[in-house]
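Asker: First to last, the sequence lines map onto chains A and B.
Numbering follows the numbering used here, in which position 252 of the first sequence is assigned residue number 252; successive positions increment by one, without gaps.
Numbering follows the numbering used here, in which position 166 of the second sequence is assigned residue number 166; successive positions increment by one, without gaps.
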Amino acid sequence: MSQSQLEAPPERVDDEPRFDEAHLDPDRRVVVIRPASRWPHLDLRELWHYRELMFRLVWRDVVVRYKQTFLGITWALLVPTLTTAIYAIVFGKFAKFPHGNTAYPVLTAAGVVPMQYFASALTLSSTSLVTNLPLVTKVYFPRVMLPMAAVVVPLVDLFFGMIVLVGMMAIYDTWPSGIEVVFAPAFIGLAVVTALGIGFLLSTFAARWRDVPYMIPVFLQILPLVSGVMYAINEIPEKWQWIFAFNPMAGVITGWRWALLGEAEPNWGQMSISVAMGLLLFTLGLAVFRTNEPRFADTI
Amino acid sequence: MADAIEVHELSKSYRIGQMQAAYGTLRDSLTRTAARVTRHEQPQGREVIWALRDVSFSVREGEVLGVIGRNGAGKSTLLKLLTRITAPTSGRAIIRGRVGSLLEVGTGFNPELTGRENVFLNGSILGMKRREIQRKFDDIVEFSGIAKFIDTPVKRYSSGMYVRLAFSVAAHLEPEILLVDEVLAVGDAEFQQRCLGRMEDFSGTGRTVLFVSHNMQTINQLCDRVIWLDGGAIAENGDPSGVVSHYLHTASVSGSTLSWTDDESAPGDNLARLLAVRVVNETGETVDTTDVRDGVGVEIRFRVLREGPPVFAKIKVRGRQGDVAFNAMDIGQMETPTAPGVYSVTAWIPPNLLNEGTATVDVAVCTLQAPKLLPRAQRAEAVAFGVVDPGDGDSARGLFTGQLRGAVRPLLEWTGQRLD
Numbered sequence: 001m002s003q004s005q006l007e008a009p010p011e012r013v014d015d016e017p018r019f020d021e022a023h024l025d026p027d028r029r030v031v032v033i034r035p036a037s038r039w040p041h042l043d044l045r046e047l048w049h050y051r052e053l054m055f056r057l058v059w060r061d062v063v064v065r066y067k068q069t070f071l072g073i074t075w076a077l078l079v080p081t082l083t084t085a086i087y088a089i090v091f092g093k094f095a096k097f098p099h100g101n102t103a104y105p106v107l108t109a110a111g112v113v114p115m116q117y118f119a120s121a122l123t124l125s126s127t128s129l130v131t132n133l134p135l136v137t138k139v140y141f142p143r144v145m146l147p148m149a150a151v152v153v154p155l156v157d158l159f160f161g162m163i164v165l166v167g168m169m170a171i172y173d174t175w176p177s178g179i180e181v182v183f184a185p186a187f188i189g190l191a192v193v194t195a196l197g198i199g200f201l202l203s204t205f206a207a208r209w210r211d212v213p214y215m216i217p218v219f220l221q222i223l224p225l226v227s228g229v230m231y232a233i234n235e236i237p238e239k240w241q242w243i244f245a246f247n248p249m250a251g252v253i254t255g256w257r258w259a260l261l262g263e264a265e266p267n268w269g270q271m272s273i274s275v276a277m278g279l280l281l282f283t284l285g286l287a288v289f290r291t292n293e294p295r296f297a298d299t300i
Numbered sequence: 001m002a003d004a005i006e007v008h009e010l011s012k013s014y015r016i017g018q019m020q021a022a023y024g025t026l027r028d029s030l031t032r033t034a035a036r037v038t039r040h041e042q043p044q045g046r047e048v049i050w051a052l053r054d055v056s057f058s059v060r061e062g063e064v065l066g067v068i069g070r071n072g073a074g075k076s077t078l079l080k081l082l083t084r085i086t087a088p089t090s091g092r093a094i095i096r097g098r099v100g101s102l103l104e105v106g107t108g109f110n111p112e113l114t115g116r117e118n119v120f121l122n123g124s125i126l127g128m129k130r131r132e133i134q135r136k137f138d139d140i141v142e143f144s145g146i147a148k149f150i151d152t153p154v155k156r157y158s159s160g161m162y163v164r165l166a167f168s169v170a171a172h173l174e175p176e177i178l179l180v181d182e183v184l185a186v187g188d189a190e191f192q193q194r195c196l197g198r199m200e201d202f203s204g205t206g207r208t209v210l211f212v213s214h215n216m217q218t219i220n221q222l223c224d225r226v227i228w229l230d231g232g233a234i235a236e237n238g239d240p241s242g243v244v245s246h247y248l249h250t251a252s253v254s255g256s257t258l259s260w261t262d263d264e265s266a267p268g269d270n271l272a273r274l275l276a277v278r279v280v281n282e283t284g285e286t287v288d289t290t291d292v293r294d295g296v297g298v299e300i301r302f303r304v305l306r307e308g309p310p311v312f313a314k315i316k317v318r319g320r321q322g323d324v325a326f327n328a329m330d331i332g333q334m335e336t337p338t339a340p341g342v343y344s345v346t347a348w349i350p351p352n353l354l355n356e357g358t359a360t361v362d363v364a365v366c367t368l369q370a371p372k373l374l375p376r377a378q379r380a381e382a383v384a385f386g387v388v389d390p391g392d393g394d395s396a397r398g399l400f401t402g403q404l405r406g407a408v409r410p411l412l413e414w415t416g417q418r419l420d
């Protein structure tokens, strides 16, 4: 018997290239490719698996957004400040819109900040499939992540908008009247869900027709007028308020003013309509998106 | 050991309307719908193309499988289905192991981000985990050779640097199953070479590769087995040299050029071999369509292997129904014995002879053994080309726009006079 046969077999661990853990995960190692299911659903497990990509997409858009702008992130402070200032001069000073007990600039800022978030989220998510065309046609990942990442990105702007708003609140000495301040994030949640629902719908639409970029600005110019950005919804006749309630952003702004500025408690009947509309848009949008998802790479 | 890839009756269909309206505006769609309703037209979307139909095969772990076929045979569709970019219409496929593909090189690179940032972004897009990218980061940068510029935005990179960095990320993906589409692989010859080199390294380590290519030499060299796709279905599945030679003998039926890369597979006997056939216009450019009013040539390149009798080329032209329009041969070469060497001859088909439609050409290199012709090297349906009539009124159809039957449609000279 020769010497070499007596030796233990060499360890092969170090000269073999190492794989990462992801594909050793027994759930994900085997992929079955089959026709798209007839009933669209959100595969949360798959989304969790792709969470790092989701994070990267958000991170990319946040970094790129203010790269090579002269003022950089300062824009996130300037835009809500200037918009509020213009509204305060035109509608507050000249047109003398009613504003109840709260100073008009603060009242408006509390509308401008969530509305600007919504406008950005809607625009970015609606165009997300088209702007990420190379990804859609070359790599697999759950496509819902594109509109989802797009509504997360402007939360950064919202954060800076909050600084402006809190600054205004300090100047005019307007503060939340109590515990309802904890509901403020919930109303932003409603804006996120609504923007995402419409984003799902419009991005599906945009994958097929390039009309969407023309539609959005028109929509976004009308929206603040019917959401109570430059006035308080409860200043208008009550029978009209019910119609406004079908616009989830009206609910967001009314609720936000109640939570942050100590304004009158919203009409909860109207609020439930706003919330229901937001959830309806989200569900509808998700269903439409998932139904068309398997064909995006073919039609985009 | 389980198969790395199992494909069961996989099919993918496209509606023709779907492909045509890919860039339509909403208005186009609305007008089409309106037209359909008002004129009771058949919906255009009904016509279906099967890009892939009932394809079944499997790839063992560690096997290198080549996929060949003409353009439009379904090769790219197969890759798109296996990478899950698009979903199949029916059937299923099972993939065991992490899939990487060299068609994704540089996907998602953002010009505003730095090289470093793009490595992380692109790595995530290709399916790497953050920790994995961190671990491989130094290797990736070193392999790319652009360490000095790693913190510069990639929009300031030269295209070469860009590709190097992108390829470096893809090359460190270490998938268990690699899908390569040589047709889609971008970049210069050097880069293509690196892709191939990487693939060779890869197959050496016992991992599974699915390789789509037009380069038969590479296929022969790298693959353990070859699948030939034709019209969305598997025409043959087996040993590379066998499949490749069958493919070369039958696949290019409708092309306007055909050539044989090596003498072994070229048709012919111990006297003559066919080397290449192509359809040319009057200025010698390869064409696949000709105006009915222009002449068109069939260029035949062949090799005479030894001293012998006169060797001459012959063509047989068929019209769109497959019926023979005519035979013609190089009568000038029928008398003097042909010396060994490579010859190129062109048969010129005069203007206004062929009818409209697709003409196919059988070629042969013959000797004369009176009273018979003896084909020494031949290929049926070697090339094909389209004949079109723009309808300017000066062809054999004059002002007539209906159908004219016949394999040929010569422009004859007409004479006559009034008799009464």
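For every residue, glycine included, the Cβ atom is placed at its ideal position computed from N, Cα and C.
Anyone know if the C-beta pair for residue 276 of chain A and residue 172 of chain A falls short of 8 Å?
Answerer: As a first step, residue 276 of chain A must be located in the first sequence, where it is residue number 276. As a first step, residue 172 of chain A must be located in the first sequence, where it is residue number 172. In this structure, residue 172 of chain A does not lie closer than 8 Å to residue 276 of chain A by Cβ.
Asker: Quick check for students: name the residue ranges of the alpha helix (DSSP H) that lie wholly in the stretch 229-266 of chain B, counting only runs of 4 or more.
Answerer: Within the stretch 229-266 of chain B, the complete alpha helix (DSSP H) runs of at least 4 residues are 240-250.
Asker: Return the Cβ separation of residue 382 of chain B and residue 258 of chain B in integer angstroms, given the expectation that the two are a contact with Cβ distance under 8 Å.
Answerer: Mapped onto the second sequence, residue 382 of chain B falls at position 382. Mapped onto the second sequence, residue 258 of chain B falls at position 258. With 8 Å as the limit, residue 382 of chain B and residue 258 of chain B qualify as a contact, their Cβ atoms being about 5 Å apart.
Asker: Is the stretch 240-260 of chain A touching the stretch 130-148 of chain A, taking contact as three or more C-beta pairs under 8 Å?
Answerer: Verdict: no, contact absent.
Asker: Closer than 8 Å, Cβ to Cβ, to anything on chain A: give me those residues from the stretch 103-125 of chain B, in chain order.
Answerer: The residues in question are 103, 104, 107, 108, 110, 112, 113, 117, 120, 121, 124, 125.
Asker: In chain A, which residues lie with their C-beta within 9 Å of the C-beta of residue 93 of chain B?
Answerer: Position 93 of the second sequence, counted from the start, is the residue given in the question as residue 93 of chain B. Here the neighbours are 31, 32, 33, 34.
Asker: Quick one, are the C-beta atoms of residue 259 of chain A and residue 180 of chain A less than 8 Å apart?
Answerer: Counted from its first residue, the first sequence places residue 259 of chain A at position 259. Counted from its first residue, the first sequence places residue 180 of chain A at position 180. Yes. Within cutoff.
Asker: Answer yes or no: does any C-beta atom of chain A fall closer than 8 Å to that of residue 75 of chain B?
Answerer: For the purposes of this step, residue 75 of chain B is taken as residue 75 along the second sequence, with counting starting at 1. So, not an interface residue.
Asker: Where in the stretch 286-358 of chain B do unbroken runs of the beta strand (DSSP E), each at least 3 residues long, occur, reported from the N-terminal end onward?
Answerer: Runs of the beta strand (DSSP E) inside the stretch 286-358 of chain B: 289-291, 296-304, 312-318, 324-329, 341-349.
Asker: For residue 137 of chain B versus residue 163 of chain B, is the C-beta distance shorter than 8 Å?
Answerer: Counted from its first residue, the second sequence places residue 137 of chain B at position 137. Counted from its first residue, the second sequence places residue 163 of chain B at position 163. No, the pair does not count as a contact, with Cβ atoms beyond the cut-off.
Asker: For a contact meaning CB atoms closer than 9 Å, what does residue 83 of chain B contact in chain A?
Answerer: For the purposes of this step, residue 83 of chain B is taken as the residue at position 83 of the second sequence. Under the 9 Å cutoff, chain A gives 138, 139, 140.
Asker: Taking just the CA atoms, how far does residue 241 of chain B sit from residue 426 of chain B?
Answerer: Since the first and last residues shown for chain B are 1 and 420, residue 426 of chain B lies out of range.
Asker: Is there a Cβ from chain B that is less than 8 Å from the Cβ of residue 286 of chain A?
Answerer: Here residue 286 of chain A refers to the residue found at position 286 of the first sequence. It does not: the Cβ of residue 286 of chain A has no partner Cβ on chain B nearer than 8 Å.
Asker: As a quick exercise: from B/62, B/68, B/83, B/92, pick the residue whose alpha carbon is nearest that of residue 7 of chain B.
Answerer: Translated into positions along the second sequence, residue 7 of chain B becomes position 7. Here the closest residue by C-alpha is B/92.
Asker: Please state whether the Cβ-Cβ distance between residue 314 of chain B and residue 329 of chain B is less than 8 Å.
Answerer: Here residue 314 of chain B corresponds to residue number 314 of the second sequence, with the count starting at 1. Here residue 329 of chain B corresponds to residue number 329 of the second sequence, with the count starting at 1. In contact: residue 314 of chain B and residue 329 of chain B (Cβ atoms closer than 8 Å).
Asker: For residue 6 of chain B, which beta-bridge partners are listed by DSSP?
Answerer: Residue mapping note: residue 6 of chain B aligns to position 6 of the second sequence, counting from 1. DSSP lists B/58, B/94 as partners of residue 6 of chain B.
Asker: In terms of residues, what are the limits of the beta strand (DSSP E) holding residue 167 of chain A?
Answerer: To locate residue 167 of chain A, count along the first sequence from 1; it is residue 167. Unbroken run through residue 167 of chain A is the alpha helix (DSSP H), 155-171; no beta strand (DSSP E).
Asker: Rounded to whole angstroms, what is the Cα-Cα separation between residue 174 of chain A and residue 100 of chain A?
Answerer: Translated into positions along the first sequence, residue 174 of chain A becomes position 174. Translated into positions along the first sequence, residue 100 of chain A becomes position 100. Computed Cα separation, rounded: 13 Å.
Asker: Which first and last residues belong to the beta strand (DSSP E) in which residue 239 of chain A is found?
Answerer: By one-based count along the first sequence, residue 239 of chain A stands at place 239. Run containing residue 239 of chain A: none in the beta strand (DSSP E); it sits in the alpha helix (DSSP H), 238-244.
Asker: Does the count of Cβ pairs from the stretch 245-257 of chain A and the stretch 110-120 of chain A closer than 8 Å reach three?
Answerer: Contact between the stretch 245-257 of chain A and the stretch 110-120 of chain A is present, because at least three Cβ pairs lie under 8 Å.
Asker: What are the complete alpha helix (DSSP H) segments, minimum 4 residues, inside the stretch 69-107 of chain A?
Answerer: List check, alpha helix (DSSP H) in window: 74-87.
Asker: I'd like to know whether the C-beta of residue 239 of chain A is nearer than 8 Å to at least one C-beta of chain B.
Answerer: Counting from 1 along the first sequence, the entry for residue 239 of chain A is found at position 239. False, the Cβ-Cβ gap to chain B never drops below 8 Å.
Asker: Alpha carbons only, please: which of B/115, B/60, B/15, B/56 is nearest the one belonging to residue 50 of chain B?
Answerer: For this step, residue 50 of chain B is matched to residue 50 along the second sequence. The shortest C-alpha separation from residue 50 of chain B is found at B/15.
Asker: Per DSSP, which one or two residues make a beta bridge with residue 362 of chain B?
Answerer: The residue given as residue 362 of chain B occupies position 362 in the second sequence. Its beta-bridge partners are B/316.
Asker: Could you compute how far the alpha carbon of residue 169 of chain B sits from the alpha carbon of residue 245 of chain B?
Answerer: As a position in the second sequence, residue 169 of chain B is number 169, starting the count at 1. As a position in the second sequence, residue 245 of chain B is number 245, starting the count at 1. Between residue 169 of chain B and residue 245 of chain B, the C-alpha separation is close to 36 Å.
Asker: Let me know the secondary structure DSSP gives residue 77 of chain B once reduced to three states.
Answerer: Taking the first residue of the second sequence as 1, we reach residue 77 of chain B at position 77. If DSSP states are grouped into helix, strand and coil, residue 77 of chain B belongs with the helices.
Asker: Name the chain A residues that come within less than 9 Å of residue 130 of chain B, Cβ to Cβ?
Answerer: Counting from one through the second sequence, the residue named residue 130 of chain B turns up at place 130. Chain A residues near residue 130 of chain B: 52, 55, 56.
Asker: Out of B/280, B/289, B/292, B/301, which has the shortest C-alpha to C-alpha gap to residue 266 of chain B?
Answerer: In the second sequence, the residue the question calls residue 266 of chain B occupies position 266. Cα-wise, what sits closest to residue 266 of chain B is B/301.
Asker: Can you tell me the Cα-Cα spacing of residue 418 of chain B and residue 384 of chain B, whole angstroms?
Answerer: Reading the second sequence from its first residue, position 418 is the one you call residue 418 of chain B. Reading the second sequence from its first residue, position 384 is the one you call residue 384 of chain B. Looking at the two C-alpha atoms, the distance is approximately 44 Å.
Asker: For residue 135 of chain A, which residues in chain B fall below 9 Å Cβ to Cβ?
Answerer: Stepping through the first sequence from its first residue, residue 135 of chain A is reached at position 135. What residue 135 of chain A touches in chain B: 107, 108, 125.
Asker: Can you give the beta carbon distance from residue 387 of chain B to residue 359 of chain B, rounded, assuming they're within the 8 Å contact cut?
Answerer: Along the second sequence, read from residue 1 onward, the residue named residue 387 of chain B stands at position 387. Along the second sequence, read from residue 1 onward, the residue named residue 359 of chain B stands at position 359. With 8 Å as the limit, residue 387 of chain B and residue 359 of chain B qualify as a contact, their Cβ atoms being about 6 Å apart.
Asker: Among the candidates A/128, A/117, A/169, A/132, whose CA atom is the shortest distance from the CA of residue 157 of chain A?
Answerer: As a working mapping, residue 157 of chain A is identified with position 157 in the first sequence. Comparing Cα-Cα distances from residue 157 of chain A to each of A/128, A/117, A/169, A/132, the minimum goes to A/117.
Asker: Using a beta-carbon distance cut-off of less than 8 Å, what residues from the stretch 175-191 of chain A approach chain B?
Answerer: So the list is empty, because no residue satisfies the distance condition.
Asker: By a C-beta neighbour count over all protein chains shown, 10 Å radius and 16 as the cutoff for buried, is residue 285 of chain A buried or exposed?
Answerer: Here residue 285 of chain A is taken as the residue at index 285 of the first sequence, counted from 1. So residue 285 of chain A counts as buried.
Asker: Quick check on this structure: which residue in B/134, B/152, B/108 has the alpha carbon closest to the alpha carbon of residue 166 of chain B?
Answerer: Position 166 of the second sequence, counted from the start, is the residue given in the question as residue 166 of chain B. Out of B/134, B/152, B/108, B/108 has the C-alpha closest to the C-alpha of residue 166 of chain B.
Asker: How is residue 411 of chain B classed by DSSP in three states: helix, strand or coil?
Answerer: Here residue 411 of chain B refers to the residue found at position 411 when the second sequence is read from its first residue. DSSP places residue 411 of chain B in coil when its eight states are reduced to three.
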